[in-house]
Amino acid sequence: MGAKPHQSGKQVYRKLIGGKISNIRDAYNLTKTHESQSRRSGIQSFEQLVRMGSIEAYKALCEARHTDPYPINRKLLWQLEGAIQNVHWCVLSKETKERLLNGF
């Protein structure tokens, strides 16, 4: 399996509609463990994750684990956003990271 290309949000959406990313574990930054945790929190597909957005998905994951979302596990929040944008979380802009943190 080759590396996943970086794509803009529109391309990710087209890829999603085309059915290429349906499993959470197939998205950038996310693994089988993330997929299992997501399903336990009620997030059944990558499409649902995209619709929820990274902040709401993060809150759902924390609630399912019965943990207080504060202090924020920044890496998980950024991994979710990176998956939605189809980029590695390390390349998210400083502004994007700050916007996510300010969403709480």
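All residue numbers in the sequence shown are consecutive under UniProt numbering, ending with 104. In this text, a Cβ means the ideal position worked out from N, Cα and C, and glycines have one as well.
*asked:* For E98 and Y28, what's the separation of their Cα atoms in angstroms?
replied: Spanning the two alpha carbons is a distance of roughly 20 Å.
*asked:* Could you check whether the region 88 to 98 touches the region 44 to 64, counting it as contact only if at least three pairs of C-beta atoms, one from each stretch, sit closer than 8 Å?
replied: In short, these stretches do not touch, since the Cβ pair count stays below three.
*Reducing DSSP to helix, strand and coil, say where R14 ends up.*
Legend: pLDDT at R14 = 38, less than 50; position of this residue unreliable, no value from coordinates given.
*Got a sec? Which residues, its chain only, sit under 6 Å from G103 by beta carbon, not counting five neighbours each side?*
Listed in chain order, the non-local C-beta contacts of G103 below 6 Å within the same chain comprise I55, local neighbours out to five positions each way being set aside.
*Kindly indicate which three-state DSSP category T96 falls into: helix, strand or coil?*
Looking at T96 - three-state DSSP - the assignment turns out to be helix.
*Going by the beta-carbon positions, is the gap between R39 and I24 smaller than 9 Å?*
With a cutoff of 9 Å on beta-carbon distance, R39 and I24 are scored as near each other.
*asked:* Looking only at its chain, what residues have a beta carbon closer than 8 Å to the beta carbon of G53, apart from the 5 residues adjacent to it on each side?
replied: Hits under 8 Å: I84.
*Go ahead and label Q44 buried or exposed: buried means 16 or more other beta carbons lie within 10 angstroms of its beta carbon, across all protein chains shown.*
Residue environment analysis places Q44 among the exposed positions, since fewer than 16 neighbouring C-beta atoms fall within 10 angstroms of its C-beta.
*Would the C-beta of F104 count as close to the ligand MN, meaning under 8 Å from any of its heavy atoms?*
The ligand MN is not part of the structure shown, which contains no ligands of any sort.
*asked:* Suppose you measure from the CA of R51 to the CA of Q37; what does that come to, to the nearest Å?
replied: Roughly 17 Å between the two C-alpha positions.
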